[in-house]
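Under the working numbering, read the sequence shown as residues 13 to 460, first letter to last. Each residue gets a CB set at the ideal place from its N, CA and C atoms; glycine is no exception.
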Amino acid sequence: MPRHISRYVQTTAGGERTRHFTARQPPGILKLDSGDPYFPTPRHIREAAQDALDAGLTRYAPGQGDPEFLAAVCETVEREAGAHYSPDDVVATNGATSAIYAVFTAFLDPGDEVIVLDPTFSLYALVARQLGAVPVAVPHGGDYHIDVEAVRAAVTPRTRLIMVNNPNNPTGVVYRRDELQALANLCAERDLLLVADEAYEKILQPGCVHVPLLSLHEYRDRLILIHTFSKTYAMTGWRLGYVVAPSDLAGLLFGVHRAIAGPITTFVQRAGAAALRGSQDCVAEMRDEYGRRGGLMHRLALDVPGLRPVEPQGGFYLYCRYDLALSASEVRQRLWDAGVAVRSGTEFGAAGKGHLRFSYSVDEPTIEKGMAIMAEVFRHLSRTLALLLPLVLLAGCGGEEAPKKPAVSANLCVYLPNGMTLGPYDTQKECATARENMPRGECKPCQK
Ligand SMILES: Cc1ncc(COP(=O)(O)O)c(C=O)c1O
13 MPRHISRYVQ
23 TTAGGERTRH
33 FTARQPPGIL
43 KLDSGDPYFP
53 TPRHIREAAQ
63 DALDAGLTRY
73 APGQGDPEFL
83 AAVCETVERE
93 AGAHYSPDDV
103 VATNGATSAI
113 YAVFTAFLDP
123 GDEVIVLDPT
133 FSLYALVARQ
143 LGAVPVAVPH
153 GGDYHIDVEA
163 VRAAVTPRTR
173 LIMVNNPNNP
183 TGVVYRRDEL
193 QALANLCAER
203 DLLLVADEAY
213 EKILQPGCVH
223 VPLLSLHEYR
233 DRLILIHTFS
243 KTYAMTGWRL
253 GYVVAPSDLA
263 GLLFGVHRAI
273 AGPITTFVQR
283 AGAAALRGSQ
293 DCVAEMRDEY
303 GRRGGLMHRL
313 ALDVPGLRPV
323 EPQGGFYLYC
333 RYDLALSASE
343 VRQRLWDAGV
353 AVRSGTEFGA
363 AGKGHLRFSY
373 SVDEPTIEKG
383 MAIMAEVFRH
393 LSRTLALLLP
403 LVLLAGCGGE
413 EAPKKPAVSA
423 NLCVYLPNGM
433 TLGPYDTQKE
443 CATARENMPR
453 GECKPCQK
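In structure tokens form, the structure reads like this:
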């Protein structure tokens, strides 16, 4: 007897990100796919956790968070965004991941739409789908910045919020104040929430400036900040983050988050307070090191035939367009077979066609070895594909162009013999992935 599985969860089964995390990596593979900082958590943060443990802080943390932690967040927001928030406006979370889940759960009903910029961190679309909501992917402009008019065109009466990731994973682009301001304006016009995930806010290349969402003071009532300690303080395994929102919404988010994850580990929150209140020299040291590694990887990528890297601005990812008549997941597979793990651009949205994402969170020898293998694979593929090109053209298989129009969802659905429908999916491929678990399903245009 087949077990009943939530229809929304069925739609999110499989997918490239899930497969990536469950794939066993062969020993010795060069990990240019990593989202994990290479550094250990700074000593004073580890010591604060140890002190809190020794002081017996092992019980449930109170309310929206440990008072020390909430106060430290408010001080940080005041210092960095010039915005005054009180502890009632902050909720401690299990990293950015549970914060995203709580925000989407609180504000999206099944069928509601959330606008995500394409490409972007793939968890947003996954969570939206798990909740029965519809992620509407709007491609960036040609310069990988926000195409505000395309976003405007994608807003419908079902749109509830716009999700921004700044700096952007995977492109490494840091958005300017004018484009964020224009989005906030649009949200005010259409009564939407503007949510920013600023996971990489402190990891900036020399000369790049990050504009905090909460510095858009006049839009305060509709701004929600999601933050994490994972990247800035090399604390991915600690699972600590927070949300800052207008007080009425923060209370609501607390209620939702509590049902997902319960209170956040008390001594970990004390470590978080120490991270925010302590010296920020460790952050500057890691930033400078990422700066050097990003510069190195960018220079090496410029020498790879057929690879066109986007100049990195923030985060620790190098996003590259490539000139090969192969899909991003095929190129990813070729690199994997040669011993280098990378992420395909399409994992981050349809606009990631023809792109790959490399991580420079790893050490310099790994970057050098990985990029040398990459150059070899690209040389080989360019030669082979040049020989095959006439055949490829005859078969009607062209190179990949990023879609020019907003890739609005709701195109393809999986229809099951029992009358159930899954979806909608943005692409044929996503639909086929969802169908993998239901062999008797059929991918067809969704009937509204
Ligand atoms: C943009 C972005 N947001 C959030 C996360 C997840 O953060 P956390 O570890 O805090 O759950 C990641 C992880 O790679 C990320 O790239």
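Just measuring C-alpha positions, the residue of Arg58, Leu235 and Glu376 sitting nearest Leu308 is Glu376. Annotated as distal: Ser46 and Val316, with beta-carbon spacing of 8 Å or more.
Applying a distance threshold of 5 Å between residue Cβ atoms and the heavy atoms of ligand 1 selects Gly47, Gly107, Ala108, Thr109, Phe133, Asn177, Asn181, Asp209, Ala211, Thr240, Ser242 and Gly253, given in chain order. If you look at Tyr254, you'll find it in the beta strand (DSSP E) that goes Gly253 to Val256. The three-state reading of DSSP puts Pro169 in coil, since its state is none of H, G, I, E or B. Taking C-beta atoms as the reference points, Asp124 and Arg164 fail to come closer than 8 Å. The beta carbon of Gly153 lies closer than 7 Å to those of Asp159 in the same chain, with the five residues before and after it left out. Judged by DSSP in its simplified three-state form, Val322 adopts coil rather than helix or strand. In terms of Cβ geometry, Asp78 and Arg282 form a close pair [threshold 8 Å]. Under the DSSP assignment, Ile236 falls in the beta strand (DSSP E) whose first and last residues are Leu235 to Thr240.
Within the same chain, and ignoring the five residues on either side of Ala211 in sequence, the residues whose Cβ sits closer than 6 Å to its Cβ are Ala108, Thr240 and Lys243. At the C-beta level, Tyr372 and Gly306 come within 8 Å of one another. Of the residues Thr439, Leu288 and Gln345, the one whose Cα lies closest to the Cα of Glu90 is Leu288. Closest in alpha carbon position to Val256, among Cys86, Ala196 and Tyr72, is Cys86. DSSP lists no bridge partner for Met383. Counted as a single uninterrupted DSSP element, the stretch harbouring Glu87 is not any beta strand (DSSP E) but the alpha helix (DSSP H) occupying residues Pro79 to Ala93.
In the three-state reduction of the DSSP assignment, Ala271 falls in the helix class. By the beta-carbon neighbour count (other beta carbons within 10 angstroms, threshold 16), Ala296 is exposed.
With 16 or more other Cβ atoms inside 10 Å of its own Cβ, Glu213 counts as buried. The region 318 to 337 makes contact with the region 352 to 370; the number of CB pairs closer than 8 Å reaches 3 or more. Taking a C-beta distance under 8 Å as the contact criterion, Phe116 and Ala145 qualify as a contact pair. In the three-state DSSP reduction, Ala350 falls in the coil class, being neither helix nor strand. Secondary structure remark: continuous beta strand (DSSP E) runs of at least 3 residues inside the region 96 to 143, in chain order: 102 to 105 and 125 to 130. In the three-state reduction of the DSSP assignment, Met247 falls in the coil class. In the DSSP assignment, Asp63 falls within the alpha helix (DSSP H) that extends over Arg55 to Asp66.
Residue environment analysis places Ser259 among the exposed positions, since fewer than 16 neighbouring C-beta atoms fall within 10 angstroms of its C-beta. When the Cα atoms are used, Asp233 and Glu454 turn out to be separated by approximately 44 Å.
Between the C-alpha atoms of Leu195 and Arg395 there is a straight-line separation of about 44 Å.
With distances taken between CA atoms, Leu225 lies nearest to Leu237 out of Tyr334, Glu388 and Leu237. DSSP places Arg333 in the strand class (E or B) of the three-state scheme.
Thr105 is the residue among Arg188, Thr105 and Gly219 whose C-alpha sits nearest the C-alpha of Leu82. Between Val103 and Leu265, the gap from beta carbon to beta carbon is short of 8 Å. In the three-state reduction of the DSSP assignment, Ala208 falls in the strand class, which pools E and B.
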